[in-house]
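Novice:
2 protein chains.
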Amino acid sequence: MLIVQKFGGTSVGTLERIEAVANRVIETKNVGADVVVVVSAMSGVTNQLVEYGEHFSKHPDGVAMDMLLSSGEQVTTAILSIALNAKGYETVGLTGAMAGIITDDIHTKARIEKIDTKRIKKELNSGKIVVVAGFQGIDEHGNITTLGRGGSDLSAVALAGALKADLCEIFTDVDGVYTTDPRIEKKARKLEKISYDEMLELASAGAKVLQNRSVEMAKKLNVKLVTRSSFNHNEGTLITQEDSMEAVLVSGIALDKNQARVTLRGVVDKPGIAAEIFTALANENINVDMIIQNVGLDGTTNLGFTVPQNELEIAKETMQKLNAAKHVEYDDAIVKVSIVGVGMKSHSGVACLAFETLAKEGINIQMISTSEIKISLVVDQKYGELAVRVLHEAYKLDK
Amino acid sequence: MLIVQKFGGTSVGTLERIEAVANRVIETKNVGADVVVVVSAMSGVTNQLVEYGEHFSKHPDGVAMDMLLSSGEQVTTAILSIALNAKGYETVGLTGAMAGIITDDIHTKARIEKIDTKRIKKELNSGKIVVVAGFQGIDEHGNITTLGRGGSDLSAVALAGALKADLCEIFTDVDGVYTTDPRIEKKARKLEKISYDEMLELASAGAKVLQNRSVEMAKKLNVKLVTRSSFNHNEGTLITQEDSMEAVLVSGIALDKNQARVTLRGVVDKPGIAAEIFTALANENINVDMIIQNVGLDGTTNLGFTVPQNELEIAKETMQKLNAAKHVEYDDAIVKVSIVGVGMKSHSGVACLAFETLAKEGINIQMISTSEIKISLVVDQKYGELAVRVLHEAYKLDK
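Right, dumping it as structure tokens:
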């Protein structure tokens, strides 16, 4: 049995915590599994390194920046190796390059192209615990690269895939994936199991347990993912392929507070105007999320969409330059509530229940968008948490 | 023209100092030279990393320790690259491994076996300033190694040799090599030039500008070394091959306060006893420096030697176990004064002047040892600085 375990920055934030991680790894090793451990930089270290780099330039050279940032994970890798070794276990620490993680050369946000597993397999075969620096790789020019946000999770999943590991455990400071944010709804329940697609929708709907890139890769490589806490021994949540026999109607409710709404009333009536608007936004790297379009009373078109709050200003500037509508309204006092569940595919009436539930509470729905397994609703910010709680109850997620 | 410049931990101790180093490198680049820069870890960083490693074990795993320690130089390399790049210069930062520095696998004190200069030459040919992480390399197993104390100097000298550089400049916080320690003798004069052999003798006699390993390698590879200050533009000291035409009688006086004397009176009279004593000391890794042997009045042998002060206790224990002499005396209130100069080779009477000078001041000489270009004298600690000053004047070193 081969298990890949990934420990994030908080889990390795101090020498004491690294020792706890070592003990955790050893528990797994002692039940007879081969273990590959992927680690992040100690919490705070990456920010410090970014500060160093940005001291000289707002946009520091990417090749050098990656050399700088990658040192953080290298340090954790070495320290954990020393800790495991001191406890009597044969261990080897590997940088991303040494672990054979080959990426493209888009520095600071490289993509993994392939993994040459020779070295890792050799070390595993000789009985060693292999510790790998997450978040990093090497490009074809022999330069160090980093994978961007959530990069260490990605390293772990990619390694699990390449090594055909039986399990990839992502250790964080939360117990797993919940039916909704327990800080909002005390009755939120930890899910034993969730499908890749549900996890993807939950993540894009604002639940931050795992980055979408990692879940997408896990789905593609068919890696069984478990997310669990490094601070206790509770079972986590297994993220795996959808099992239609067990499909639940709704798995979770997510709240995304980082959205702002842009509404264009009386959009200029010319072919391709929508394409023009969204191309202009894309050119500014603005992540448009929900889009709705309606014909207004006077025959002109109304168009609405949401963007992340911190991109609203650029969106405003872009809209002013385009001058594509009579009136443009902006509203950052909104939130997006999402209901996610694979069961929706084969059940009707799931959306209706949401509409009824919110109506009963007098919560006005400003925008609606649906996918096969998700219903997203934009509501006034002040109703966000209430909406989560009543929907959580309506879909019986506490049961 | 190709110049290798090495900047130590103090010279890159803060972001401001790294910026000053960048400016210094750019000055050299702007006069038309190709530049390879070798950097140490920012001062304090290596100690911090050692603490991390030794938290878990008094003798942490060497492979992991090297991965840990090497991150310090990697960070400086990246930051300096970013600084140079931000100032408009094409730059590439390389770890020891990327720079092709191949070592043996004796971790934490590896020896450079060869340098594959392909990558560096390619980067230099494309006009880039090449920044290399000092103190580190890679072994045949693909593991990171470090070179031990003075390792960054060694990296610089080895690179200068392999690249056939015109000059290797070692930047520190002192102006160069002095006729003696300016804190002891205000009239001490900075030497323009000194031979490798003199530098080696001075270093082993307690002058700490350069580690012997680096000077030995510079001599072997015929690398022209300059040691100078990174904090001003004063000319430094050139360390190069001996030029017999210009050979000065005496180049410098060094004071080594870190010695202790062990004297064995009435050594047991049996063949091989001296070998037995020094083998026992060597087995304890005690660095014996001066050795003198004399026949005593009663026909028995007297034997004296010096060891570093911090190794005196182990030396005592070793002597007690051996029980090789009637009386053993220990004295750590002594110092070693050394007079170094290639001119001694062809001049007689150099030692006499020293004896006369010290006698005039009433300074008793406890031990004498000489090499081709050095005379070392052990005297009472309290006379150490006085001895340096009167010898400095006697040999006219202030002129």
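Chains as they are written, first to last, in this note's numbering: chain A, 1 to 399; chain B, 400 to 798. Where a beta carbon is used, it is the ideal one built from N, C-alpha and C, also for glycine.
(1) Taking only the alpha-carbon atoms, compute the straight-line gap between T180(A) and C168(A) and give it to the nearest angstrom.
(2) With a threshold of 9 Å between beta carbons, is I184(A) in contact with chain B?
(3) Is there a Cβ of chain A sitting closer than 9 Å to that of M766(B), yes or no?
(4) Does any residue of chain A have a CB that is nearer than 9 Å to the CB of P459(B)?
(5) Using a beta-carbon distance below 9 Å, is G236(A) in contact with chain B?
(6) Suppose you measure from the CA of T117(A) to the CA of A99(A); what does that come to, to the nearest Å?
(7) Residues of chain B with CB under 8 Å from R119(A), in chain order?
(8) Starting from S369(A), follow its DSSP beta bridges and name the residues at the other end.
(9) Got a sec: is the Cβ-Cβ distance from E418(B) to anything in chain A below 9 Å?
(10) For a contact defined as C-beta to C-beta under 7 Å, what are the partners of N422(B) on chain A?
(11) Counting contacts by CB-CB distance shorter than 9 Å, is N222(A) in contact with chain B?
(12) Secondary structure at S737(B), three-state DSSP: helix, strand or coil?
(13) For I738(B), tell me which candidate among G651(B), V778(B), M466(B), I713(B) has the shortest Cα-Cα distance.
(14) Please list, in chain order, all residues of the same chain as T77(A) whose beta carbon is under 6 Å from its beta carbon, the five residues on each side excluded.
(15) In whole angstroms, give me the CA-to-CA distance for Q780(B) and D730(B).
(16) Select from K193(A), V337(A), L80(A) the residue whose C-alpha is nearest the C-alpha of V378(A).
(17) Tell me which residue opens and which closes the beta strand (DSSP E) that F704(B) is part of.
(18) Quick one: grab the DSSP three-state call for L264(A).
(19) Applying a beta-carbon distance threshold of less than 7 Å, which residues of chain A neighbour H454(B)?
(20) Verify the CB distance criterion: does S469(B) have a CB-CB separation below 9 Å to chain A?
(21) Taking contact to mean 3 or more Cβ pairs, one atom from each stretch, closer than 8 Å, check whether the region 160–167 of chain A and the region 182–189 of chain A are in contact.
(22) Which residues in chain A have a C-beta closer than 8 Å to the C-beta of G492(B)? List them in chain order.
(23) Taking V37(A) and Q74(A) to be in contact with their CB atoms under 8 Å, please state how far apart those CB atoms are, rounded to whole angstroms.
(24) Could you pull the start and end residues of the beta strand (DSSP E) that F171(A) belongs to?
(25) Buried or exposed, going by whether 16 or more other CB atoms sit within 10 Å of the CB of Q259(A)?
(26) Using 9 Å as the limit for Cβ to Cβ distance, is L448(B) near chain A?
(27) So E372(A) and V390(A) are in contact, right, with Cβ under 8 Å, and what is the actual spacing, rounded?
(28) Am I right that L15(A) and Y488(B) are in contact with their C-beta atoms under 8 Å? What's the rounded C-beta distance?
(29) CA-CA distance, T146(A) and F630(B)?
(30) What would DSSP say about L785(B), mapped onto helix, strand or coil?
(31) With a Cβ-Cβ cutoff of 9 Å, do I292(A) and S369(A) count as a contact?
(32) Checking 9 Å against the spacing of the C-beta atoms, do T636(B) and K592(B) come in under that value?
(33) Provide the residue(s) that pair with Y577(B) in DSSP beta bridges, ordered along the chain.
(34) For V39(A), list the residues DSSP reports as bridge partners.
(35) Looking at chain A, which residues of the region 536–570 of chain B have a Cβ within less than 8 Å of any of its Cβ atoms?
(36) Taking the beta strand (DSSP E) that D331(A) belongs to, which residues open and close that run?
Specialist: Taking the structure as given:
(1) 23 Å
(2) no
(3) no
(4) yes
(5) no
(6) 7 Å
(7) G541
(8) S376(A)
(9) yes
(10) Within chain A, no residue comes near N422(B); the closest Cβ sits about 12 Å away, beyond 7 Å.
(11) no
(12) strand
(13) G651(B)
(14) V39, G93, V131, A133
(15) 10 Å
(16) V337(A)
(17) 700–707
(18) strand
(19) L15
(20) yes
(21) no
(22) V63, A64, M67
(23) That belief does not hold up - the Cβ atoms of V37(A) and Q74(A) are roughly 14 Å apart, past 8 Å.
(24) 167–172
(25) buried
(26) yes
(27) No, E372(A) and V390(A) are not in contact; Cβ-Cβ is about 24 Å, not under 8 Å.
(28) Contact flag wrong, Cβ pair sits at about 39 Å.
(29) 35 Å
(30) helix
(31) yes
(32) yes
(33) K589(B)
(34) F7(A), A133(A)
(35) G541, N542, I543
(36) 325–331
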